[in-house]
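A.B. asks:
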Amino acid sequence: MSHILERSTGAVGNPAQGVHGIDPRVRIVVMAAFAVVVVALDDFVLLGIAVVLALAMAIIAHLPVAITLRRVVAMDAFVVFMLAMLPFTVPGEEMFRIGPFVATWEGLWRAIAIALKANAVVLALLALVGSMEAVTLGHALRHLRVPESIVHLLFFTVRYVEVLGDEYRRLRLAMRARAFRPRSNMHTWRSVGYLLGMLLVHSLERSERVLAAMKCRGYSGRLYTLDTFQLGRTDMVFAGAGFAVMSALVWAQFA
Amino acid sequence: MTTPLFRLNDVCYAYEPHRPVLNNVNLILAPGERLAVRGGNGAGKTTLLHLMVGLLKPVSGTVVAFGKARHTEADFREVRARAGLLFQDPDDQLFCPTVAEDVAFGPLNLGKSRDETRTIVERTLASLGLDGFEDRITHKLSGGEKRLVSLATVLAMDPDVLLLDEPTNALDEQAEARLLEILLGLPQAMVIICHDNRFRDSLANRSVVLKDGDIATL
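As they're listed, the protein sequences go chains A and B. Its first residue numbered 0, the first sequence is counted upward by one per residue in numbering that gives the first Met the number 0. Its first residue numbered 0, the second sequence is counted upward by one per residue in numbering that gives the first Met the number 0.
1) Alpha carbon to alpha carbon, how far is Ile97/A from Arg144/A?
2) State yes or no: is the C-beta of Ala80/B within less than 7 Å of the C-beta of Gly217/A?
3) Going by beta-carbon coordinates alone, are Thr219/B and Leu107/B separated by less than 7 Å?
4) Could you pull the start and end residues of the alpha helix (DSSP H) that Ile136/B belongs to?
5) Report the start-end ranges of each beta strand (DSSP E) in the region 84-124 of chain A that is 3 residues or longer and not cut off at the edges.
6) Thr45/B by DSSP, collapsed to three states: which one?
7) Where are the alpha helix (DSSP H) runs, 4 residues long or more, that stay fully inside the region 171-217 of chain A, in chain order?
8) DSSP three-state call for Lys145/B: helix, strand or coil?
9) Can you give the beta carbon distance from Met174/A to Leu198/A, rounded, assuming they're within the 8 Å contact cut?
10) Determine whether the beta carbon atoms of Leu28/B and Leu21/B lie at a separation below 7 Å.
11) Put Arg6/A into one of helix, strand or coil per three-state DSSP.
12) Can you list, in chain order, the residues of its chain with a C-beta nearer than 6 Å to that of Asp195/B? Leave out the 5 residues immediately preceding and following it.
13) What's the call for His138/A, buried or exposed, on a 16-neighbour Cβ count within 10 Å?
14) What separation, rounded to the nearest whole angstrom, lies between the Cα atoms of Ile284/A and Leu127/A?
15) Count the other CB atoms, across all protein chains shown, that sit within 10 Å of the CB of Asp88/B; report buried if there are 16 or more and exposed otherwise.
16) Can you find a C-beta in chain B that's less than 7 Å from the C-beta of Gly220/A?
17) Val52/B CB to nearest chain A CB: under 7 Å?
18) Using C-beta distances below 8 Å, list every residue in its chain close to Asp164/B, excluding the 5 sequence neighbours before and after it, in chain order.
19) Check Asn13/A in the structure and name its three-state DSSP category.
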């Protein structure tokens with residue numbers, strides 16, 4: 000998650016172009032609805048349409064190809080084992096067998112369906128939400144009535160993940176400067192333990208100082224935002240089109 | 000004589016019992032004063048500033064700020080709005096993703112409207128020569144820029160007193176000279192903690208030393 004946030008802080012693509020011009024709240028809502036619809040679909044034709052739709056959104060959003068591919072593959076790596084196991088665990092008609100283990104056609108189809116769903120959802124997520132600046136995402140979530148503490152968590156993660164990373168690199172450098180080379184021995188494990196422990200202590204102390212600094216500027220539990228969002232015509236058209244397409248998908252699946 | 004901005008009466012503070020950092024400290028800050036507090040590492044300089052704005056509460060003694068004795072958290076809320084504390088590490092102070100949001104944080108907390116706040120943000124940044132910094136990402140600023148932006152976040156609240164905790168920390172010569180010039184042009188009374196003799200002597204018009212938990216005038 001952190002590298003998605005990190006990279007998205009520098010706006011990707013032209014902000015006035017394609018999906019970037021659409022109200023962030025609309026993008027989040029459409030994205031959430033799309034995920035629910037896609038998960039509910041079973042028909043392969045409809046799933047194929049969903050993947051094509053997600054691809055189209057990715058193209059309209061001008062997602063950088065290399066980075067996007069890397070992220071999609073990272074997600075696929077998560078599910079690949081489950082997909083490989085499915086043909087062996089779902090009962091049905093035999094496809095082939097490895098020793099005592101029987102692979103079934105039903106299992107294979109189930110695995111393909113899940114792979115299509117996962118990729119469609121991730122692509123759409125990257126296109127609609129991943130292309131947003133983390134700050135904008137936070138504010139949009141706040142306007143959508145997501146609990147303030149979760150939004151604060153997002154803000155502070157975005158702000159301090161880099162500071163923490165720097166601290167880690169500094170400590171790590173200081174270790175190397177004293178000829179530390181990681182090996183698989185007790186000394187290495189203990190030193191890495193100290194390193195992580197020290198990071199934890201530093202972060203805790205920093206969080207206390209940050210809170211003190213916030214109190215000095217009148218913080219009393221609420222974060223106010225400067226941004227205001229306004230729904231325009233393009234937003235309504237995008238939302239309308241999105242819901243029309245999704246309704247059609249649901250109708251085709253269940254009617 | 001005009002009422003002092005701050006008056007510390009016999010203030011004691013200890014992080015660990017039996018090892019007091021401050022022992023019956025008495026200190027007065029008058030309007031227009033730029034008071035340098037000197038002292039070695041661990042002498043309690045930062046502790047002193049934190050006591051003044053109520054981030055720490057004295058074990059005994061009282062803090063009188065702007066003519067009123069302050070005891071509770073609610074008392075100190077007003078003090079913090081009028082006495083701006085600049086932290087040692089700007090990374091502690093700049094917690095918002097963008098510069099504009101960070102500078103806006105104080106005024107919004109003080110109940111200013113969004114439009115008023117935007118004006119304040121623009122004016123404050125411009126007064127420090129930081130025009131166009133609004134949408135910069137705070138953690139990507141250089142050390143000198145971070146320092147000036149953190150000063151902007153404090154000045155945006157329009158304080159009567161500035162409490163500066165090692166403002167020249169990790170600044171290069173050029174950034175330091177710029178900061179000095181800016182601070183010399185500000186009307187606020189100040190308490191300055193600084194290890195840099197030249198900087199301190201150019202800025203301060205009174206000096207005290209914190210030693211063994213007590214304050215001595217120079």
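Glycine included, every Cβ here is placed at the ideal spot set by N, Cα and C.
C.D. replies: Checking against the coordinates, here is how it stands:
1) Each residue's alpha carbon lies about 52 Å from the other.
2) Taking 7 Å as the Cβ cut-off, Ala80/B and Gly217/A qualify as a contacting pair.
3) Nothing can be reported for residue 219/B: it is not among the residues displayed for chain B, which extend from 0 to 217.
4) Counting along the chain, Ile136/B falls outside any alpha helix (DSSP H), and DSSP gives it neither H nor E.
5) Whole beta strand (DSSP E) segments, 3+ residues: 93-97 and 100-103.
6) Here Thr45/B sits in helix by DSSP.
7) Listed in chain order, the complete alpha helix (DSSP H) runs (minimum 4 residues) inside the region 171-217 of chain A are 185-215.
8) Correct three-state label for Lys145/B: helix.
9) The C-beta distance from Met174/A to Leu198/A rounds to 12 Å, too long to meet the 8 Å contact threshold.
10) No, they are not a contact pair.
11) Here Arg6/A scores only 41 on pLDDT, less than 50, and its place in the model should not be relied on; the value that follows carries that caveat. Reduced to three states, the DSSP call for Arg6/A is helix.
12) For Asp195/B, where only same-chain residues beyond five positions count, the Cβ hits under 6 Å are Thr167.
13) Burial call: buried.
14) The structure shown has nothing for residue 284/A, since chain A only spans 0 to 254.
15) Under this definition Asp88/B is a buried residue.
16) It does not; no Cβ of chain B falls within 7 Å.
17) Interface residue, yes.
18) Taken in chain order, the residues that qualify are Lys44, Thr45, Leu48, Leu84, Leu85, Phe86, Gln87 and Ile192.
19) Its pLDDT being 45, under 50, Asn13/A is placed unreliably in this model, and the value from its coordinates should be taken loosely. It is coil, neither helix nor strand.
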